[in-house]
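J.: Encoded as structure tokens, here's the structure I'll be asking about.
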Amino acid sequence: MKKCLLLAVFCLGTCISYAQNCSSPLKIVVLGSSTAWGNGLPSRDSAWPFRYARYLKASHNVDDTVINLAIGGYTTQQIMPNGTPPYTTLGIIISVDTAHNITKAISLHPDAIIVNMPTNDEAKGFPLDKQRANFLALKQAAEQAHIPLWASTTQPRGNLGYDAATRLRQMKDTIIKYFGAYAIDFYTGMATNRGFITPLYNSGDDVHFNSLGQSILFSRVVAAAIPDSLCGYKSIATTPTLPPMPPKQGWLFPNPATNHVLLQDIIETVFSVAVYNSSGALIHLQQNTMSNRLDVRNWRPGIYFIMVNQSQRYKLVKM
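To convert, note that position 117 of the sequence shown is 107 in this note's numbering; the numbers rise steadily by one, no gaps.
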């Protein structure tokens, strides 16, 4: 009973803080190329940025805005900060586009930036160290402006050959290494064993994903829980049980989930589980349970936070 009361008090304080600080409108800028622009689709509305914009308006705040600065065919060089020297590759000089680059994105005063530059660097002959340097330059520019930046990984591509496919896989690992919790995996599960696009997600040109593939990308952006992470920056940075860094998500399976979720790798035989919705309200509490399975069928779609033994916090996306 005492534990339940403590949880209720915790929830009340969290809910009030969250409601006052975490539901204000968000502005998110997307920098990208043809995937973010919407190539390979019958309608651009199926591209993940447009799906994400609709999702935010429906689930977070109707005034949320996603500004899509993506241009088909662009490389990381074109979105470098203003003043970056041109780069010559394969006899082509590539210069910064000041209307669609990181400097432009920062000038819009967004709450967050998402970079989706999947394969054009490889297609245009950028060596891996150049790609890495460009991604780190984007990361540094955003950090200096105090704007959180998420980077999607590379994606599989089938028209560049096996060696290029191998390098795209390597660059995927590099992005995850350097961006950590701020990396969004657009590769795993989307590629064949050879590194080409899985036929189920291929638009037909071996370069772009179809609508089904884009829906997977969208779900992974949702799973990044960007609104919650931004809330962490603004309102709960000093709360020990609600760290500003994005919560872990690999501990839950499946995630996103529709019917049930398994809590994996629990050491204790008996434990407690508390679940909070995105408003900070306690919606589920199990004390002294031995079951690691949660039924989520009746939960509304959205972001949930699962706390085990009042100490470990994990994020779940309910689709």
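For every residue, glycine included, the Cβ atom is placed at its ideal position computed from N, Cα and C.
So A95 and A141 are in contact, right, with Cβ under 8 angstroms, and what is the actual spacing, rounded?
T.: In the sequence shown, residue 95 corresponds to position 105, counting from 1. In the sequence shown, residue 141 corresponds to position 151, counting from 1. With a Cβ gap of about 13 angstroms, A95 and A141 do not count as contacting.
J.: Could you check whether K129 and T79 sit closer than 8 angstroms to each other, using their CB atoms as the reference points?
T.: Walking along the sequence shown from the start, residue 79 turns up at place 89. Walking along the sequence shown from the start, residue 129 turns up at place 139. No, the pair does not count as a contact, with Cβ atoms beyond the cut-off.
J.: Within a Cβ cutoff of 8 angstroms, which residues of the same chain sit near N299, ignoring the five residues on either side of it in sequence?
T.: Translated into the one-based positions of the sequence shown, residue 299 becomes position 309. For N299, where only same-chain residues beyond five positions count, the Cβ hits under 8 angstroms are E258, F261, S262.
J.: If we count Cβ pairs, one from each stretch, closer than 8 angstroms, do we get three or more for the region 22 to 32 versus the region 94 to 113?
T.: Taking 8 angstroms as the limit for Cβ pairs, the verdict is that the region 94 to 113 does touch the region 22 to 32.
J.: Starting from I92, trace the beta strand (DSSP E) in both directions and tell me its first and last residue.
T.: Translated into the one-based positions of the sequence shown, residue 92 becomes position 102. First-last for I92: 92 to 97, but that is the alpha helix (DSSP H), not the beta strand (DSSP E).
J.: Using 8 angstroms as the cut-off, can you tell me whether the region 26 to 39 makes contact with the region 182 to 189, which would need three or more C-beta pairs spanning the two stretches below that distance?
T.: At 8 angstroms Cβ cutoff, the stretches do not touch.
J.: Around the C-beta of Y45, are 16 or more other C-beta atoms found within 10 angstroms, so that it is buried, or is it exposed?
T.: Within the sequence shown, the letter at position 55 stands for residue 45. Buried.
J.: So what's S142 in DSSP terms, helix, strand or just coil?
T.: Here residue 142 is taken as the residue at index 152 of the sequence shown, counted from 1. The answer is strand: DSSP assigns S142 an E or B state.
J.: Since D101 and I18 should fall inside the 8 angstroms C-beta cutoff, what is the C-beta to C-beta distance between them, to a whole number of angstroms?
T.: Here the question's residue 101 lines up with position 111 in the sequence shown. Here the question's residue 18 lines up with position 28 in the sequence shown. Indeed, because the Cβ distance is near 6 angstroms, the residues count as touching under 8 angstroms.
J.: Using CA coordinates, which residue listed in Q204, N91, D175 is at the minimum distance from T66?
T.: Counting from one through the sequence shown, the residue named residue 66 turns up at place 76. Selected option, being the one with the closest Cα: N91.
J.: Let me know if P197 comes out buried or exposed under the rule of 16 or more other beta-carbons within 10 Å of its beta-carbon.
T.: Here residue 197 corresponds to residue number 207 of the sequence shown, with the count starting at 1. What sits at residue 197 in the sequence shown is Val, not Pro. Looking at its Cβ environment, which holds 16 or more other Cβ atoms inside 10 Å, V197 is buried.
J.: Helix, strand or coil, according to DSSP, for Q300 in the structure here?
T.: Position 310 of the sequence shown holds residue 300. Looking at Q300 - three-state DSSP - the assignment turns out to be coil, as it is neither helix nor strand.
J.: According to DSSP, what are the bridge partners of F295?
T.: As a working mapping, residue 295 is identified with position 305 in the sequence shown. Per DSSP, Y266, K305.
J.: Can you list, in chain order, the residues of its chain with a C-beta nearer than 6 angstroms to that of R290? Leave out the 5 residues immediately preceding and following it.
T.: The residue labelled residue 290 in the question sits at position 300 within the sequence shown. Cβ neighbours of R290 beyond the five flanking positions: none.
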